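Chemist: The structure follows.
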Amino acid sequence: MRNPLADPYVLGISGGSALGAIIGIVLGAGSFYLGVPFLAFCGALVTVFLVFIVAGGSRGLMLDNSLLLAGVVVNSFFSAAILFALSIVNSMELHSISFWLMGDLSGAALKETAGAALCLFIGFGILYAQARKLNLMVQGEETAMQLGVNVRATKYALLIVTSLMTSVAVSLAGIIGFVGIMVPHMMRLVFGSDHRLLLPAAALFGASFLVVADTLARILLAPAELPVGVITALCGAPYFIFLMRKKVQG
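Residue 150 in the numbering used here sits at position 153 of the sequence shown, and the numbers go up by one each step.
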């Protein structure tokens, strides 16, 4: 999307995935194998195409600012839908879902984690295979098309793959925001825009950052535990403001 401010959290993909997962929990889809992750994926996919359509992508008019504004609008709608879903669950479900919405790594079982790791590994392999095309698209869509890249098909394919990866992560750990903004941008400053280096570096550093954030969430108020999303938001919100100011100033 060629926008340093675009990530699954800001664009509302995490929120759409969370809404799908909550609907699955309320309807009892957790009793079916992969029921909740499947609905989370559906929510993420619906969000992607809503943002794409609202931003004018279906008419070839999608701009960076319109993309972010569309994400804010769609995310606001899903936030309201999440609040409605929370209002109809019982108190025990409300507490667990509320904690999960702020990001929680403690609830994932080993079997679920292994399945998620497999999905994420496959998704990362697909993304890495497109690294050359991504490098060309960074130089401009017209340049990429002149060099034989089907830009529209590549965008749709990558949107679907990243939606799947986001939905898998959200269905296990809830919404953990701002990691997708900070880490890739920092790695781009270190490694440049070559996605053959940028993708693995962002994956490794992002995982390391999340482990550190989760450790802090467990020890800061011990024996109580903070949601890990609180820690990442405290780090990510100022960084997001910094990126916005930098973008506005050119």
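Ideal placement from N, C-alpha and C gives every residue a C-beta, glycine not left out. In this text the structure is predicted, and so the values were computed from the model without any measurement.
Which same chain residues end up closer than 8 Å to Phe175 when comparing Cβ atoms and leaving out the 5 residues on each side of it in sequence?
Modeler: Hits under 8 Å: Asp4, Tyr6, Thr229, Ala230, Cys232, Gly233, Ala234, Tyr236 and Phe237.
Chemist: Count the C-beta pairs between the region 42 to 50 and the region 10 to 29 that are closer than 8 Å, then say yes if the count reaches three, no if not.
Modeler: Result yes; three or more Cβ-Cβ pairs closer than 8 Å.
Chemist: Could you give the C-beta distance for His192 and Ala128, rounded to a whole number, given that I count them as a contact under 8 Å?
Modeler: With a Cβ gap of about 4 Å, His192 and Ala128 count as contacting.
Chemist: When you compare only the Cα positions, how much space is there between Phe121 and Ala77?
Modeler: Each residue's alpha carbon lies about 32 Å from the other.
Chemist: What residue range does the alpha helix (DSSP H) around Pro5 cover?
Modeler: Premise fails: Pro5 is in no alpha helix (DSSP H) and is neither H nor E.
Chemist: Within 10 angstroms of the Cβ of Pro34, are there 16 or more other Cβ atoms? Answer buried if so, exposed if not.
Modeler: Buried is the call here.
Chemist: Among the candidates Ile172, Gly112 and Leu218, whose CA atom is the shortest distance from the CA of Arg30?
Modeler: According to the sequence shown, residue 30 is Tyr rather than Arg. Here the closest residue by C-alpha is Gly112.
Chemist: Tell me which residue opens and which closes the alpha helix (DSSP H) that Phe46 is part of.
Modeler: Its alpha helix (DSSP H) spans residues Gly32 to Val51.
Chemist: Near Val71, which residues of its chain fall below 7 Å by C-beta distance, leaving aside the five closest residues on each side in sequence?
Modeler: These residues qualify, in order along the chain: Gly9, Thr44, Leu47, Val48 and Val51.
Chemist: How is Leu144 classed by DSSP in three states: helix, strand or coil?
Modeler: Leu144: coil per DSSP, three-state reduction.
Chemist: By DSSP, does Ser220 sit in helix, in strand, or in coil?
Modeler: The question names Ser, but residue 220 is Pro in the sequence shown. If DSSP states are grouped into helix, strand and coil, Pro220 belongs with coil.
Chemist: For Leu155 and Leu124, which I take to be in contact (beta-carbon distance under 8 Å), what is that distance rounded to the nearest angstrom?
Modeler: That belief holds up - the Cβ atoms of Leu155 and Leu124 are roughly 7 Å apart, short of 8 Å.
Chemist: If you follow the alpha helix (DSSP H) that Asn132 is part of, which residue opens it and which one closes it?
Modeler: Looking at the DSSP string, the run of the alpha helix (DSSP H) that includes Asn132 is Ala128 to Val135.
Chemist: Which residue comes first and which comes last in the alpha helix (DSSP H) that contains Ile178?
Modeler: That run of the alpha helix (DSSP H) goes Val176 to Phe188.
Chemist: Give the single residue among Gly177, Ala210, Asp211 and Val209 whose Cα lies nearest to the Cα of Leu195.
Modeler: Looking at the Cα atoms, Gly177 is the closest of the given residues.
Chemist: Pick helix, strand or coil for Ser160, following the three-state DSSP scheme.
Modeler: In this structure, Ser160 counts as helix in the three-state DSSP scheme.
Chemist: Indicate the three-state DSSP secondary structure (helix, strand or coil) for Asp101 in the structure shown.
Modeler: It is coil, neither helix nor strand.
Chemist: Short of 8 Å in beta carbon distance, which residues of its chain neighbour Glu222, apart from the five on each side in sequence? Order them along the chain.
Modeler: Counting only Cβ-Cβ distances below 8 Å, and skipping sequence neighbours, we find Ser103, Ala214 and Arg215.
Chemist: Nearest-angstrom Cα distance between Phe206 and Ser190?
Modeler: Looking at the two C-alpha atoms, the distance is approximately 21 Å.
Chemist: Less than 8 Å between C-beta atoms, sequence neighbours within five positions excluded: which residues of the same chain meet that for Val148?
Modeler: Correct list, in chain order: Met134, Glu138, Ala141 and Met142.
Chemist: According to DSSP, is Gly226 helix, strand or coil?
Modeler: Of the three classes helix, strand and coil, the one that applies to Gly226 here is helix, per DSSP.
Chemist: Determine the DSSP secondary structure at Gly120, reduced to helix, strand or coil.
Modeler: Gly120 falls in the helix class under three-state DSSP.
Chemist: Give the range of the alpha helix (DSSP H) segment to which Ala26 is assigned.
Modeler: It is not in any alpha helix (DSSP H) - Ala26 carries neither H nor E in the DSSP assignment.
Chemist: Could you tell me if Ala199 is buried or exposed, where buried requires 16 or more neighbouring beta carbons within 10 angstroms of its beta carbon?
Modeler: Buried: at least 16 other Cβ atoms inside 10 Å.
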